[in-house]
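The structure appears below as structure tokens.
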Amino acid sequence: MRIQLLRQREDFEQGFILALSGFLRDYVGWTGKMSWDKNTIGSAFIANDYLNVIYPDNLPRKLLLSLTCEFAYNPKWYRRKLQQTYIYGAVRQPFENFATSGRFVIGSCPSEVRNWVFIPGNHSHRAVDVANERCFVFYKPGFNPLFTSTDAEIRQNNPWLPSPAVLELSPSKSWYIEQRIRGLPLNRLGAQHTVDDALAFAHKAMVRLYHESSSFCLLSDYLVVVDQAIKVVFNAIEPSLSKDLIIRFSDYIKNLQSALSVYADHKVELALTHGDFQPANLLYDHGKCWIIDWEYADKRCRAYDALCYGLMSRFSTGIAQRYDHLLHNPELLKAVVGWSGIGFVYSHKLLLPLFLLEECLVKLKEVAAESITDKEVSLRPWLSEFLLIRQFA
């Protein structure tokens with residue numbers, strides 16, 4: 055999530071100070087002060103919202119290219135040229151002053167931190183140590199700490215996954231050090247055959263993960279677990295929502311549960327899923343695909359990741375049309391779900407609403423973060439798109 059979007063959702067600058075100062079105190083015993091001041095002259099870190107980086111002003115600019123090159127691709131050649139020009143010029147004078155959204159100063163800055171480039175994120179921030187080829191990932195206060203620890207522990211427990219290796223996890227589990235990797239997200243690649251190769255690489259790893267964590271249970275039993283989890287999270291955020299949104303969301307959940315109740319005595323295959331399996335979290339580099347951002351990993355229906363990718367559910371705009379298209383094309387649905395290597399045939403009338411119910415829980419957990427002050431702004435547009443699905447209208 056880019057800085058410009060984080061600013062709309064939360065108090066980004068103050069939150070960044072809280073997160074980084076807490077990490078540095080724990081990591082090196084730092085006791086200085088931090089501040090944001092766009093007019094600061096001298097040693098500082100420069101923020102570029104569009105490129106989503108906060109970098110030392112004395113850093114050789116060529117070292118930034120591997121961190122900003124993902125913004126260079128656009129399918130339209132003229133926009134691609136404009137973006138490439140911006141990436142080069144925005145971090146160099148005289149245009150850097152205009153592209154800078156803020157300057158960040160760390161008092162008594164530890165020497166090793168002066169080589170760090172910060173990449174802000176959704177639930178945690180990442181500091182790339184360009185001198186030592188490693189990254190520090192640290193928790194953002196006001197967000198769910200389980201997202202950060204889950205991301206690290208999944209990779210520690212499954213070291214064979216094609217993901218950055220976790221080198222150290224702090225005792226508090228609020229930060230960890232990981233291997234630095236390079237690569238472009240699949241949605242920034244121009245050649246479809248390259249995307250297909252990357253997905254094939256990721257497919258082998260994900261199917262192994264599903265197989266090793268697979269278990270079966272009655273759908274009725276699983277629905278009780280999901281329903282209880284939704285109630286707990288929704289009750290926590292309900293006071294901040296309007297009555298209209300509460301009613302609409304509650305009706306939507308009831309419709310999903312009603313559609314699934316018909317299959318209550320069916321067995322469902324559960325497995326450890328990534329939870330945010332989308333092109334932006336799959337990085338391609340010289341024939342290999344890295345799978346990143348395991349924050350939402352949890353045990354769900356085995357087809358969850360395949361449907362998340364196939365429906366492009368992280369882009370809620372147009373989800374109703376994509377859902378209806380999949381619903382009314384059984385062969386296409388079979389191909390999408392089949393990517394997960396699911397062990398037996400489900401009815402599409404079971405798989406699709408089950409995915410939507412699990413997706414609700416993921417969204418609620420994300421929005422429940424204390425630092426997201428206006429939860430309705432995050433939840434209402436998402437819910438409005440999903441309510442357009444004709445099967446549950």
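Numbering-wise, this note's numbering comes out as the position in the sequence shown, counting from 1, plus 54. Ideal Cβ positions, reconstructed from N, Cα and C, are used throughout, including at glycine. No experiment lies behind these values; they were computed from the predicted model shown.
Bridge-paired residues (DSSP) for residue i
{"i": "G156", "result": "A101"}
{"i": "Y140", "result": "Per DSSP, none; premise fails for Y140."}
{"i": "Y269", "result": "According to the sequence shown, residue 269 is Ser rather than Tyr. DSSP lists L324 as partners of S269."}
{"i": "C343", "result": "Y338"}
{"i": "P110", "result": "F99"}
{"i": "M55", "result": "M55 is not bridged to any residue."}
{"i": "W131", "result": "Looking at the DSSP assignment, W131 forms no beta bridge with any residue, so it has no partner."}
{"i": "W90", "result": "F158"}
Between the CA atoms of residue j and residue i - distance to the nearest angstrom
{"i": "P333", "j": "R63", "result": "23 Å"}
{"i": "A254", "j": "T327", "result": "17 Å"}
{"i": "A73", "j": "P195", "result": "6 Å"}
{"i": "D103", "j": "R134", "result": "19 Å"}
{"i": "A259", "j": "S267", "result": "13 Å"}
{"i": "K388", "j": "D250", "result": "18 Å"}
{"i": "H265", "j": "S370", "result": "29 Å"}
{"i": "Y127", "j": "N289", "result": "42 Å"}
{"i": "R56", "j": "G69", "result": "15 Å"}
{"i": "K403", "j": "W90", "result": "52 Å"}
{"i": "N112", "j": "S294", "result": "44 Å"}
{"i": "E166", "j": "I71", "result": "18 Å"}
{"i": "I300", "j": "I307", "result": "11 Å"}
{"i": "R188", "j": "C362", "result": "30 Å"}
{"i": "R146", "j": "L119", "result": "12 Å"}
{"i": "K227", "j": "D275", "result": "32 Å"}
{"i": "S75", "j": "M88", "result": "8 Å"}
{"i": "D281", "j": "N198", "result": "20 Å"}
{"i": "I160", "j": "D80", "result": "16 Å"}
{"i": "R242", "j": "E124", "result": "6 Å"}
{"i": "P239", "j": "S296", "result": "37 Å"}
{"i": "D7", "j": "S425", "result": "Because the chain in this structure spans residues 55 to 447, residue 7 falls outside the shown range and cannot be described."}
{"i": "A98", "j": "A374", "result": "46 Å"}
{"i": "N93", "j": "A101", "result": "12 Å"}
{"i": "L485", "j": "I291", "result": "What the structure shows of the chain is the stretch from 55 to 447, and residue 485 is not part of that stretch, so it cannot be assessed."}
Close-in-space but distant-in-sequence residues of the same chain around residue i (CB under 6 Å, 5 per side omitted)
{"i": "N212", "result": "none"}
{"i": "D205", "result": "W348, E349"}
{"i": "Q210", "result": "V220"}
{"i": "R376", "result": "L365"}
Residue burial classification, residue i (beta-carbon count within 10 angstroms, cutoff 16)
{"i": "V191", "result": "buried"}
{"i": "K429", "result": "buried"}
{"i": "R356", "result": "buried"}
{"i": "E349", "result": "buried"}
{"i": "P110", "result": "buried"}
{"i": "Y132", "result": "exposed"}
{"i": "D359", "result": "buried"}
{"i": "L324", "result": "buried"}
{"i": "S203", "result": "buried"}
{"i": "W214", "result": "exposed"}
{"i": "V286", "result": "exposed"}
{"i": "N106", "result": "buried"}
{"i": "P384", "result": "exposed"}
{"i": "E412", "result": "buried"}
{"i": "E420", "result": "buried"}
{"i": "E232", "result": "buried"}
{"i": "G237", "result": "buried"}
{"i": "D305", "result": "exposed"}
{"i": "F158", "result": "buried"}
{"i": "H340", "result": "exposed"}
{"i": "C414", "result": "buried"}
{"i": "P218", "result": "buried"}
{"i": "A185", "result": "exposed"}
{"i": "D352", "result": "buried"}
{"i": "H247", "result": "exposed"}
{"i": "S162", "result": "exposed"}
Cβ shell of residue i (< 7 Å), same chain only, five flanking positions each side left out
{"i": "P407", "result": "L310, A313, L314"}
{"i": "V182", "result": "L121, W170, V171, I173, C189, R234"}
{"i": "G143", "result": "F149"}
{"i": "N176", "result": "M55"}
{"i": "A423", "result": "G196, F197, N198"}
Same chain, Cβ closer than 8 Å to residue i, neighbours up to 5 away in sequence not counted
{"i": "R302", "result": "L437, L441"}
{"i": "A256", "result": "P216, L336, C343, I345"}
{"i": "L273", "result": "L314, Y317, A318, D319, H320, K321, V322, L404, L408"}
{"i": "L381", "result": "L387, H402, L406, Q445"}
{"i": "Q137", "result": "F125, A126, Y127, N128"}
{"i": "G244", "result": "Y127, P129"}
{"i": "F270", "result": "K321, V322, E323, L324"}
Any non-hydrogen atom of the ligand MN within 7 Å of residue i CB
{"i": "K285", "result": "With respect to small molecules bound, the structure shown includes none, and the ligand MN cannot be examined in it."}
Next item on the list: Please go through the region 346-430 and give each complete alpha helix (DSSP H) segment of 4 or more residues, from N-terminal end onward.
Entry: Counting whole runs of 4 or more residues, the region 346-430 contains the alpha helix (DSSP H) stretches 358-364, 373-381, 384-392, 402-421.
Notebook entry, point to check: Which runs of the alpha helix (DSSP H), 4 residues or longer, sit entirely within the region 218-263?
Noted result: Fully enclosed alpha helix (DSSP H) runs of 4 or longer: not present.
Check: In the region 160-210, which residue ranges form an unbroken beta strand (DSSP E) of at least 3 residues, counting only runs that do not cross its ends?
Finding: Entirely contained in the region 160-210, the beta strand (DSSP E) runs reaching 3 residues are, in chain order, 170-173, 178-183, 188-193.
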